[in-house]
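Heads up: the structure comes next, in structure tokens.
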Amino acid sequence: MRCWHHVKNKQMDLSILKNNKSGGILAFIYRNWLLIAIVLIVIIFGKPLFDTIKTMLAKVTGAFDNASQLLNDAVDATGLKNSATQELSYKNSADSNNPLSPSYYKAAPAGAHLFHYADACKMATDINNSFGYLTTDFNTILGTFKQCDYKSQVSFLADVYYHLFSSDLSVDIQPASFLGGWFYLKHRLNDDGYKQINDYVNSLQDY
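Using our numbering, the letters of the sequence shown map in sequence onto residues 2 to 208.
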């Protein structure tokens, strides 16, 4: 009799434990249904879902860029932005002592170090693409300048930059605080970023 009760009680304990485990699983599912649903969606849809989200974000970003470019062009048409930069641009481009001026390498002695044109085009494009409407990729800009070992190379890069983008590199890297940043829809360098670039360029050998 004692053995029978012992077996019966053990069976009841196992039944209770099983029910508790079932209840625990159901409770866990109830408390974490949203997380479980997200995991299932990721497992089922996977890459197509992320591709769709990526495409949607690209379209939104593209629309923003287009709208910003239109507004930027409108600001250009008013002459407000140009009046703030043209004087600086003209002054820099004519200054043969300024490494960020195309005049610097043109006044250099024969044998001055330059870049292959194709390499300079890529460097200039990297810099131009680093100026975004929300952020600026400062590390790419600084890294590009650090490919220059001579001031004459910086000057040549500035010349190529101007021919590719009709824009003065010496002006484009100026901080927003100097240029009256509200005229510039694209994000600008800060004062420290400009100082790092300027200090590096000034530390280089001339030619």
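For each residue, glycine too, the CB sits at the ideal point set by N, CA and C.
#1: Give me whichever residues DSSP pairs with F132 in a beta bridge.
#2: Considering only their Cβ atoms, is the gap separating D150 from A159 smaller than 9 angstroms?
#3: Assuming S153 and D207 make a contact with CB atoms under 8 angstroms, what is their CB distance in whole Å?
#4: Any idea which residues DSSP pairs Y151 with across the strands?
#5: Determine the closest residue to P103 out of T145, H164, V43, K196, with distance taken between C-alpha atoms.
#6: Of the residues T137, D127, G133, L36, which one's Cα is nearest the Cα of K147?
#7: Is it the case that the Cβ atoms of V161 and A111 are separated by a distance below 9 angstroms?
#8: In whole angstroms, give me the CA-to-CA distance for N129 and V40.
#9: Start and end of the alpha helix (DSSP H) containing P103?
#10: For K171, which of N191, A119, N199, G144 has the nearest alpha-carbon?
#11: When the Cα atoms are used, what is the spatial distance from T141 to I37?
#12: Rounded to whole angstroms, what's the CA-CA distance from P49 to R189? Just pull it up for me.
#13: If contacts are defined as beta-carbon pairs under 8 angstroms, then Y105 and S156 qualify, I think. What distance do you get, rounded to the angstrom?
#14: For G194 versus F139, is the C-beta distance shorter than 9 angstroms?
#15: Measure how close the beta-carbons of V202 and L101 come, nearest whole angstrom, since I'm counting them as under 8 angstroms.
#16: Return helix, strand or coil for A111, following the three-state DSSP convention.
By the coordinates alone:
#1: As a working mapping, residue 132 is identified with position 131 in the sequence shown. In the DSSP assignment, F132 forms a beta bridge with T137.
#2: As a first step, residue 159 is located in the sequence shown; it is residue number 158 there, counting from the start. As a first step, residue 150 is located in the sequence shown; it is residue number 149 there, counting from the start. In this structure, A159 sits away from D150, with a CB-CB distance that is not shorter than 9 angstroms.
#3: Residue 153 sits at position 152 when you count from the first residue of the sequence shown. Residue 207 sits at position 206 when you count from the first residue of the sequence shown. Indeed, because the Cβ distance is near 7 angstroms, the residues count as touching under 8 angstroms.
#4: Position 150 of the sequence shown, counted from the start, is the residue given in the question as residue 151. Bridge partners of Y151: Q206.
#5: Mapped onto the sequence shown, residue 103 falls at position 102. The shortest Cα separation from P103 among T145, H164, V43, K196 belongs to H164.
#6: The residue labelled residue 147 in the question sits at position 146 within the sequence shown. The shortest C-alpha separation from K147 is found at D127.
#7: Start at 1 with the first residue of the sequence shown, and residue 161 comes out as number 160. Start at 1 with the first residue of the sequence shown, and residue 111 comes out as number 110. No; because the gap between Cβ atoms is not below 9 angstroms, this pair is not in contact.
#8: What you label residue 129 is simply residue 128 of the sequence shown in a count that begins at 1. What you label residue 40 is simply residue 39 of the sequence shown in a count that begins at 1. For N129 and V40, the distance between alpha carbons rounds to 40 angstroms.
#9: Along the sequence shown, read from residue 1 onward, the residue named residue 103 stands at position 102. Element bounds for P103: 103-107.
#10: For the purposes of this step, residue 171 is taken as residue 170 along the sequence shown, with counting starting at 1. The displayed chain sequence assigns Ser, not Lys, to residue 171. Selected option, being the one with the closest Cα: N199.
#11: Taking the first residue of the sequence shown as 1, we reach residue 141 at position 140. Taking the first residue of the sequence shown as 1, we reach residue 37 at position 36. Roughly 40 angstroms between the two C-alpha positions.
#12: Here residue 49 refers to the residue found at position 48 of the sequence shown. Here residue 189 refers to the residue found at position 188 of the sequence shown. For P49 and R189, the gap between their C-alpha atoms comes out near 36 angstroms.
#13: The residue you call residue 105 lines up with position 104 of the sequence shown. The residue you call residue 156 lines up with position 155 of the sequence shown. About 4 angstroms separates the beta carbons of Y105 and S156, which is inside the 8 angstroms limit, making them a contact pair.
#14: By 1-based counting over the sequence shown, the position of residue 194 is 193. By 1-based counting over the sequence shown, the position of residue 139 is 138. Judged by their CB atoms, G194 and F139 are nearer to each other than the 9 angstroms cut-off.
#15: Counting from 1 along the sequence shown, the entry for residue 202 is found at position 201. Counting from 1 along the sequence shown, the entry for residue 101 is found at position 100. 7 angstroms between Cβ atoms; contact.
#16: In the sequence shown, counting from the first residue as 1, residue 111 sits at position 110. Reduced to three states, the DSSP call for A111 is coil.
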